[in-house]
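Student:
In our numbering, the protein residues as written are 11 to 207.
(1) On the three-state DSSP scale, how would you describe residue 196?
(2) Could you tell me whether the region 82–95 touches the region 123–130, using the rule of 3 or more Cβ pairs below 8 Å?
(3) What runs of the beta strand (DSSP E), each 3 residues or longer, lie entirely inside the region 51–78?
(4) With DSSP as the reference, identify every bridge partner of residue 3, one or two as the case may be.
(5) Quick test of the definition: if touching needs 3 or more C-beta pairs under 8 Å, does the region 149–158 touch the region 55–66?
(6) When you compare the CB positions of residue 36 and residue 59, do they come within less than 9 Å of one another, or not?
(7) By the 10 Å Cβ neighbour count, where 16 or more other Cβ atoms means buried, how is residue 109 classified, buried or exposed?
(8) In the DSSP assignment, the alpha helix (DSSP H) including residue 101 goes from what residue to what residue?
(9) According to the neighbour-count rule (16 or more other Cβ atoms, all chains shown, within 10 Å of its Cβ), is residue 132 buried or exposed?
(10) For residue 178, I'd like the list of residues in its chain whose CB is within less than 7 Å of its CB, leaving aside the five on either flank, ordered along the chain.
(11) Tell me residue 126's beta-bridge partners as DSSP assigns them.
(12) Straight-line CA distance for residue 3 to residue 143?
(13) Assuming contact is defined by CB atoms lying nearer than 9 Å, are residue 38 and residue 205 in contact in what I supplied?
(14) Assuming contact is defined by CB atoms lying nearer than 9 Å, are residue 119 and residue 80 in contact in what I supplied?
(15) Look at residue 92 and residue 201 and say whether their C-beta atoms are less than 9 Å apart.
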């Protein structure tokens, strides 16, 4: 009789404590150590580079298992900065990001896949100008690590390419040779540090 009682009790306790151990640890983006930028071809001989200075993000992970990583990021489109106020005004206008109508760019991850070589691929939904598309891209992940300031943090690096036409950004003026003034492919660069508080 005792065995019939003790074994279920042990299983129940094990289940309860394993549930506690699987609670995700929550992180937030450290704005002072996070960069969200982009490059796009201009006149075929150069690039326009820019960044977004205002954003927020919530990240969670269970232990050190990066396949449990979840990311939600919101970017303030009006914080676009290409180091040229006139150009910034054009890019914030109706022909480009239309920041008055669409004040945010949003990304929400749906899964993280670990490859056989221990690299990772993130999948998620990216919303720009009110249009949401599923995307996937390789990511580099570091941590979790308690740094010299006693703060636990994780690092995320990602480089990806999107087509602006997919998001309704249709400016398509062409040069004499038929090439677009501004390229349709936008290279996005992310260097993020997320901290646990």
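Idealized CB from N, CA, C, for every residue including glycine. Since we're looking at a predicted model, the values are computed, not measured.
Tutor: Looking at the atomic coordinates:
(1) strand
(2) no
(3) 56–62 and 65–72
(4) An answer regarding residue 3 cannot be provided, because it is not within the stretch 11 to 207 covered by the chain.
(5) no
(6) no
(7) buried
(8) 95–102
(9) buried
(10) 139 and 141
(11) In DSSP, residue 126 forms no bridge with anything.
(12) Past the edges of the chain, shown from 11 to 207, lies residue 3, and the structure says nothing about it.
(13) yes
(14) yes
(15) no
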